[in-house]
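The next block holds one structure in the form of C-alpha cells; read it before the comments.
Protein chains: 2
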Amino acid sequence: MPIYSANVSERAQQPPELAISTVIFALRPDPEAGVPTLWLPLVRRTRQPFRDLWALPGGPLSPDESLQDAAARNLQETTGLQPSYLEQLYAFGGLDRSPVQRVVSIVYWALVKPDEAALARETENVRWVRADDLGQLAFDHNRIVEYALWRLRNKVEYSSIAYAFLGSTFTLAQVREVYEAVLGKQLDPANFRRQLRATPDIEPTDEYLQGGRHRPPRLYRYTGSAAQLSGSPSA
Amino acid sequence: MPIYSANVSERAQQPPELAISTVIFALRPDPEAGVPTLWLPLVRRTRQPFRDLWALPGGPLSPDESLQDAAARNLQETTGLQPSYLEQLYAFGGLDRSPVQRVVSIVYWALVKPDEAALARETENVRWVRADDLGQLAFDHNRIVEYALWRLRNKVEYSSIAYAFLGSTFTLAQVREVYEAVLGKQLDPANFRRQLRATPDIEPTDEYLQGGRHRPPRLYRYTGSAAQLSGSPSA
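So the protein lines, in turn, are chains A and B. Its first residue numbered 1, the first sequence is counted upward by one per residue in the working numbering. Its first residue numbered 236, the second sequence is counted upward by one per residue in the working numbering.
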C-alpha cells in the first residue's frame, strides 16, 4: 500500500499540532435524587475525525493567544460563562491521540459556581452530562476527564478547592454536598461538621439560610484567597 | 520599518513551536558548609537567541517522540542519567517567551537520587549550579525554576516526594536534610523525628549506618509505591 505508507511517512515529518481543551466541572442537581452531582459540558463534533461524537470544548491554539486566554475562550464560547476557577491540568501528547495528525493538547480545567452553572447555555451541539455517565467521547477525552476527576478528588482532600463550587456564603451541609459529589460517597454529617469547623479557611456569618422547613442553618464564608485555590505559576 | 513590520506580521501567522524542557533537581553537598543543598544542571546555549547564556536542558519536540520520552532524553543527554522520578510540571506558553518565534514549552521535572547525581557528567557546556544561585538564565527559565521550586516545596509537605531524593535506605537525619534543603530552613531534629516516625510511609530496617563517630543511627526504608510519589495520569 504505497499511498498509505507515504501518508505515514509524511505524518512523521510534520510538527505536532497544538490544541487547548477545557474540562468544565459544575455541581448540578441530579434530576432524580435532587442532590448535587458533578456535570460537565460537551461539544458535538461536526467534522471528522469522530464526527457526531461528543468532545471536550477546545480547538487549535491561535498564534496570538496565551494558553490561559484560549482556555477562557473555550469556556466562554461553550457556556457563555466567565471562569471563577481556571487552572492548567496537564498536557496530553501521546503519538496516537488523533487518527489524522499528531495533536498535543494542553488541557485546562474550570470549576463553575452553581449560580453561574444555572445560566449556562445548552444548544443542539452543546450539552451538559453527568461526569460519571459520559458515554464514548472523541479522541482520548474519556481518559482526560478521568484524570481531571482523579486530580479533583485528590485536591479536594488537601486544598480549599471545594469552595470554588460554592457561592459567597454557604451552609456546612452545602460544603458536605460538594465533598460527597466530588468523592462519590456519603459522609457522616456530624463528623464532617466537626472537621470543617476546625479548619481556618471558613468563618461563620451572622446570616442564616432562609426558606427551609427546619431551623434555618447558619451561613459561612470562605476566608482564604482565590490564589490559594489555584496552583498556577502566575497566582 | 517595513521589514520589521513584515516579520512581526509573519510571526503572528506561524503556529507556535512546541518544545520540551526539563528541570532536574538533585541534592549535592554544599562545598563550604558540607550540608546537602538543591542543585540542577544547566546547558550553555551555543546559538542565538541568548547565545552563551545558560538554559534548562531541552529542545523541540520530535514528531515521533512522546512528551515523557523527550523529557527522559533531555535528562539522559544532559547528565547520562536515567530518571528515578520524572513528572510533567507545567506548560509555559506566553506570547513573548522567545524573541524569535513563539514557543510553547512543556516542562518536566526530574528528581535524582544522590548516588545517581554523583555519577552525572559535567562538561564545558553542561554544569550543575545551586538552585538558589542561578544567575540570569535564557528565556523565562528563571521563572520556570522558581515555579518548580514552589511546587517542590508544596509537594514535600503533603506527599512522599522527599524519598525520591534518597537511596533505598536512609537515616531519619537524612530525611530531615532533604526537607531542610527543599524548604531552605533548619528544622528541629527531635520534633522532626517524632513526626516522621508517626507517618505510615517508612519502616525501620535491622541495619545501621556505618562509619560515623557516634552511635550508628538506624536505617529506614520507604514503603509506599513509586506511583504514590508521582501525579502523572499514567501512574
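The beta carbon of each residue, even a glycine, is placed where N, CA and C say it ideally should be. This structure is a prediction, so every number in the text was calculated from the model and none was measured.
CB-CB length for residue i against residue j, believed under 8 angstroms
| i | j | result |
| --- | --- | --- |
| A:V245 | A:P16 | Only positions 1 to 235 of chain A appear in the structure, and residue 245 of chain A is not among them; the question remains open. |
| A:W109 | A:T22 | 7 angstroms |
| B:V335 | B:P284 | 6 angstroms |
Option in the options with minimal Cα separation from residue i
| i | options | result |
| --- | --- | --- |
| A:D206 | A:A198, A:R130, A:L18, A:R218 | A:R218 |
| B:P472 | B:I259, B:W274, B:F260 | Since the first and last residues shown for chain B are 236 and 470, residue 472 of chain B lies out of range. |
| A:A71 | A:L187, A:S225, A:L18, A:Y158 | A:L18 |
| A:L111 | A:Q101, A:A91, A:K155, A:H214 | A:K155 |
| B:G329 | B:V361, B:R378, B:T314, B:D287 | B:R378 |
| B:A383 | B:A366, B:R429, B:L277 | B:A366 |
| A:E65 | B:A408, B:R332, B:P435, B:S394 | B:R332 |
| B:Q249 | A:L134, A:P60, A:V100 | A:P60 |
| A:T171 | A:P204, A:V129, A:W128 | A:P204 |
| B:Y393 | B:V364, B:L431, B:P424 | B:L431 |
| A:R193 | A:R153, A:V175, A:K185, A:Y208 | A:V175 |
| A:L42 | A:R127, A:L187, A:P49, A:L209 | A:R127 |
| A:R242 | A:D140, A:Y208, A:P200, A:L86 | Given that chain A is displayed from residue 1 to residue 235, the structure contains no residue 242 of chain A and the question cannot be resolved. |
| A:L75 | A:L119, A:V100, A:L183, A:R51 | A:L119 |
| B:E435 | B:S395, B:R448, B:L324 | Reading off the sequence shown, one finds Pro at residue 435 of chain B, where the question assumed Glu. Out of B:S395, B:R448, B:L324, B:S395 has the C-alpha closest to the C-alpha of B:P435. |
| B:L324 | A:P99, A:I106, A:R73, A:L86 | A:I106 |
| B:N426 | B:A408, B:L418, B:Q371, B:I437 | B:A408 |
| A:K113 | A:L166, A:Q82, A:L209, A:L183 | A:L166 |
| B:D350 | B:R282, B:P264, B:Q371 | B:P264 |
| B:T458 | B:I437, B:G446, B:R308 | B:I437 |
Counterpart residues of residue i in DSSP-defined beta bridges
| i | result |
| --- | --- |
| B:Y382 | Paired residues: none, contrary to the question. |
| A:I24 | A:A110 |
| A:T199 | According to DSSP, A:T199 bridges with nothing at all. |
| A:T37 | A:R28 |
| B:Q323 | B:Y343 |
Beta-carbon proximity of residue i to residue j, cut-off 8 angstroms
| i | j | result |
| --- | --- | --- |
| B:G293 | B:I259 | no |
| A:L56 | B:A326 | no |
| A:A138 | A:W54 | yes |
| A:A198 | A:Y179 | no |
| A:S84 | A:A164 | yes |
| A:V145 | A:L134 | yes |
Own chain residues within Cβ distance below 7 angstroms of residue i, not counting five before or after
| i | result |
| --- | --- |
| A:S168 | R221 |
| B:P298 | none |
| A:D52 | R44, R45 |
| A:S225 | none |
| A:L209 | T171, P216, P217, L219 |
| B:I238 | Legend: pLDDT at B:I238 = 40, less than 50; position of this residue unreliable, value from coordinates given subsequently. Contacts found: none. |
Cut-off 6 angstroms between Cβ atoms - residues of its own chain near residue i, not counting five sequence neighbours on either side
| i | result |
| --- | --- |
| A:G80 | R121 |
| B:M236 | Confidence at B:M236 is low in this model, with a pLDDT of 36, below 50, so its placement is unreliable and no value can be given for it. |
Cutoff 8 angstroms; reference residue i; Cβ partners in own chain excluding five residues on either side
| i | result |
| --- | --- |
| B:E312 | P292 |
| A:E124 | R44 |
| A:E177 | L27, V35, P36 |
| B:Q421 | E415 |
| A:R213 | none |
| B:L418 | R388, V391 |
| B:G446 | none |
| B:R282 | none |
Residue i Cβ short of 7 angstroms to the ligand ADP heavy atom set
| i | result |
| --- | --- |
| B:D436 | Absent from the structure shown: the ligand ADP. Ligands present: none. |
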